[in-house]
Each structure stands twice: as structure tokens, then as C-alpha cells.
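Engineer:
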Amino acid sequence: MENMIEVRNLKKCYKIPVRSKGMAATIKNLFHRKYDIKKAVDDISFSIKRGEVVGFIGPNGAGKSTTIKMLSGILYPDGGKVKSNGLVPFKQRKQYVKDIGVVFGQKSQLNWDLPLIESFELMRYIYKIPKEKYEANLEKFIKLLDMEEFINRPVRQLSLGQKMRGDIVAALLHSPKIVFFDEPTIGLDVVAKEKIREFVKYMNEKEETTIIFTTHDMQDIEKVCDRLIIIDSGKKVYDGSISEIKNIYANCKSIEVLYEDGRKEIKTFNVNETPMNVVMENLFAKSGIKDISIIEPEIDGIIRDIYEGRIKLPALEGCV
20 MENMIEVRNL KKCYKIPVRS KGMAATIKNL FHRKYDIKKA VDDISFSIKR
70 GEVVGFIGPN GAGKSTTIKM LSGILYPDGG KVKSNGLVPF KQRKQYVKDI
120 GVVFGQKSQL NWDLPLIESF ELMRYIYKIP KEKYEANLEK FIKLLDMEEF
170 INRPVRQLSL GQKMRGDIVA ALLHSPKIVF FDEPTIGLDV VAKEKIREFV
220 KYMNEKEETT IIFTTHDMQD IEKVCDRLII IDSGKKVYDG SISEIKNIYA
270 NCKSIEVLYE DGRKEIKTFN VNETPMNVVM ENLFAKSGIK DISIIEPEID
320 GIIRDIYEGR IKLPALEGCV
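Numbering (the numbering used here), first residue to last: 20 to 339.
1. Mind reading off the beta-carbon distance from L277 to S260? Whole number of angstroms is fine, and I expect it under 8 Å.
2. What are the partner residues of D55, as DSSP defines its beta bridges?
3. Are the beta-carbon atoms of K110 and L164 separated by less than 8 Å?
4. Please return the same chain residues whose Cβ sits closer than 7 Å to the Cβ of K31, not counting the five positions on each side in sequence.
5. Which residue marks the beginning of the beta strand (DSSP E) containing D422, and which one marks its end?
6. Taking only runs of the alpha helix (DSSP H) that begin and end inside the segment 102-181, which ones reach a length of at least 4 residues, in chain order?
7. What's the gap between the Cα of G337 and the Cα of G281?
8. Can you tell me whether S66 is helix, strand or coil according to DSSP?
9. Since E292 is in the alpha helix (DSSP H), which residue starts that stretch and which ends it?
10. Taking buried to mean at least 16 other C-beta atoms within 10 Å of its own C-beta, is A190 buried or exposed?
11. To the nearest angstrom, how far is it from the Cα of L335 to the Cα of G77?
12. Based on Cα-Cα distance, which residue from Y257, C271, I313, F303 lies nearest to F75?
13. Report the rounded CA-to-CA distance for G320 versus E241, giving the unit in angstroms.
14. Could you pull the DSSP bridge partners for G74 from this structure?
15. Just the C-alpha distance for K212 and Q181, rounded to the nearest angstrom, thanks.
Have a look at this one:
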């Protein structure tokens, strides 16, 4: 299967002004301003095949949104190469944006004062969508996302979840080949999140849409994505399947010990280094233990341990 997106040694830096205290320093800064260089994206490389759904995650400030903006042509890179759908996004932006959709969870593209349906009509005009295709897509999306009730309501009167569903439809009306979702479920309730996840899976399975999904909600990743790319401090630290992380992490076990005086203690160990029966024998040899329970790892906990350095990447071996 062909690559839809190719990224090689991508870099992006920001200049941050250094401000000194005092009047003399302020005047000096007017003529000789100093800057710190912040590496937002630092030599990242990856490729994504047509029809893949890839989770792109990392802690706050890791460089996720900056990377997405370069992939969508909003920002230009300071180094490296980007090719998406056969085009260079920042050089061939006008041609490129015809076949992509972008959804930013914290920034709506809908017109605040217009009814939702009229915002969609505006998108039809902008993208020059043929009437037959527009009506077919709109009917399908409204049904899939349960939008009949509020389709004629002004955007300003919609709930957060309703606006987000509207934004997703607006980004997909022209049947893009690639869609970038940047935290589309932020602040949404459980029902709204599930509808969006189901819709994303549908678009991928039925339309073979290539999807990049950034989020802090690991349930989004686990339920929607086939592959996971983790970046931290602008660098790629993991690229593989979620099951691979879980399988490797399965060697790391945690046991919660409850003592008779009410104290709780969590012990983490690697079964390859210390067998479970040895750990249990050592625990049972202690006095004052009321209960022992094994904590099953969840994806949220695994990713948190990666962010906080308790799991070493890329090897992902050993517990700290």
C-alpha cells in the first residue's frame, strides 16, 4: 500500500524573546534583542500509508499541534521534508487543501451567527462541491451523527458536543483523502465522544480516509487508532501498535498491599527479573498485611508512565 504521508527529519523552531528587568535593559532590548531558541519539532521522521488511522500523542508542549500545522500546510518547516498526498503542503497549499480536512477541538470553523445548515452551504461554496455529492454526504453525516434535531439552529445556540459534530461534518463534506483531528473530543461528555469515535471509524472503513488523531484521551486512541506515534520534547519516542506497548508493559506488574493499620503500598516489579511467586512469598512473610490485589494496567496508566519516565523508550524494557 502506498504512503499517503511522508515526513523526513522534520524540524521547527521558535524564537522566544529574553526580557531583562530594569529600565536600562528595556532600552537595550529595543536595539539588541536576545532570543532563546525553542525546538518545537526536532528531527521527526515517519510515514503513514493510505487508509491508516494513527494516534499522534505526547504531553503538553511536545510538538503535536506544531507537527499537525506543518502537515496541513499552515506552518512551514525550518528543516526536513514533508510530502502529503503527493504534494508539499506549505508550497502547494492551494492545491493541497482541496483534499484534506482539519478539525481543531478548540477552534471552530463554523459561522457563529448562521444556522448550522447554512455554514455547511458556505463550505459547499468554498470547496465547490457538486450539489449531488454535497446532498448525499450531508444526508449521510446528519444521520450518522444524529444532527436532525439541531441542524437548523444557529451555531451560537449549540452545545459543545453539537458544535464539534458540526465542525467534523464541515471538514468532511468535500470527501477529503486525509483528515487531521486535533483533540476533537476535548470537553465532551461520554455520549458525544462515542458518537465521534464511531463516526471516525466509519469514515476510515467505508471511505478509506487516512486519519491522524491527536488527543489526551487515551480511550480515543484505543478505540479508534491502529497505530500510535508518541513524541516528547519535539522528538519521536515511539512508533508502533498499542498492543505492542501493552505486551511489553505486561512484564511490569503492580501489586497493591493494604495493611491492617490502613496504610496502602504499591509495589512494581518486572516478572522477567523477579518471578511473581518470589514477590508473593516475600509479601506473605511480612506481618500486618490485610489484603493484596494485582493492579491490571490500562492504556492511560501506561502512557502516563511513559510521559513520566517510569517506562524507558524506545526499548520499553524494565520498570522503575
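Don't be surprised by glycine CBs; every beta carbon is placed ideally from N, CA and C.
Structural biologist: Judging by the given coordinates:
1. Residue numbering aside, residue 277 sits at position 258 when the sequence shown is read from its first letter. Residue numbering aside, residue 260 sits at position 241 when the sequence shown is read from its first letter. L277 to S260, Cβ: 35 Å. No contact.
2. In the sequence shown, residue 55 corresponds to position 36, counting from 1. Within the DSSP secondary-structure output, D55 pairs in a beta bridge with I35.
3. Start at 1 with the first residue of the sequence shown, and residue 110 comes out as number 91. Start at 1 with the first residue of the sequence shown, and residue 164 comes out as number 145. No, the Cβ-Cβ distance between K110 and L164 is not below 8 Å.
4. As a working note, residue 31 is residue 12 in the sequence shown. Sequence-distant Cβ neighbours of K31 in its own chain, meaning closer than 7 Å and more than five residues away, are A59, V60, T85, M89, L94, P96, D97.
5. In the structure as shown, the chain starts at 20 and stops at 339, and residue 422 therefore has no counterpart that could be examined.
6. Counting whole runs of 4 or more residues, the segment 102-181 contains the alpha helix (DSSP H) stretches 112-115, 135-146, 150-163.
7. As a position in the sequence shown, residue 337 is number 318, starting the count at 1. As a position in the sequence shown, residue 281 is number 262, starting the count at 1. Low confidence applies here, because G337 scores a pLDDT of 39, under 50, leaving its location unreliable; read the following figure in that light. Between the C-alpha atoms of G337 and G281 there is a straight-line separation of about 30 Å.
8. Translated into the one-based positions of the sequence shown, residue 66 becomes position 47. DSSP places S66 in strand when its eight states are reduced to three.
9. Locating residue 292 in the sequence shown gives position 273, where the first residue counts as 1. Where E292 is concerned, there is no enclosing alpha helix (DSSP H), given that its DSSP letter is neither H nor E.
10. Counting from 1 along the sequence shown, the entry for residue 190 is found at position 171. Note on A190: 16 or more other CB atoms within 10 angstroms of its CB, so buried under the neighbour-count rule.
11. As a first step, residue 335 is located in the sequence shown; it is residue number 316 there, counting from the start. As a first step, residue 77 is located in the sequence shown; it is residue number 58 there, counting from the start. Low local confidence applies: a pLDDT of 42 at L335 is under 50, so the model's placement there is unreliable, with the coordinate-based value given in what follows. Distance between the alpha carbons of L335 and G77 is about 16 Å.
12. Residue numbering aside, residue 75 sits at position 56 when the sequence shown is read from its first letter. Nearest option by C-alpha distance: Y257.
13. In the sequence shown, counting from the first residue as 1, residue 320 sits at position 301. In the sequence shown, counting from the first residue as 1, residue 241 sits at position 222. One Cα belongs to G320, the other to E241, and the distance between them is close to 13 Å.
14. In the sequence shown, counting from the first residue as 1, residue 74 sits at position 55. According to DSSP, G74 bridges with F232, L247.
15. For the purposes of this step, residue 212 is taken as residue 193 along the sequence shown, with counting starting at 1. For the purposes of this step, residue 181 is taken as residue 162 along the sequence shown, with counting starting at 1. Rounded to whole angstroms, K212 and Q181 show a C-alpha spacing of 11 Å.
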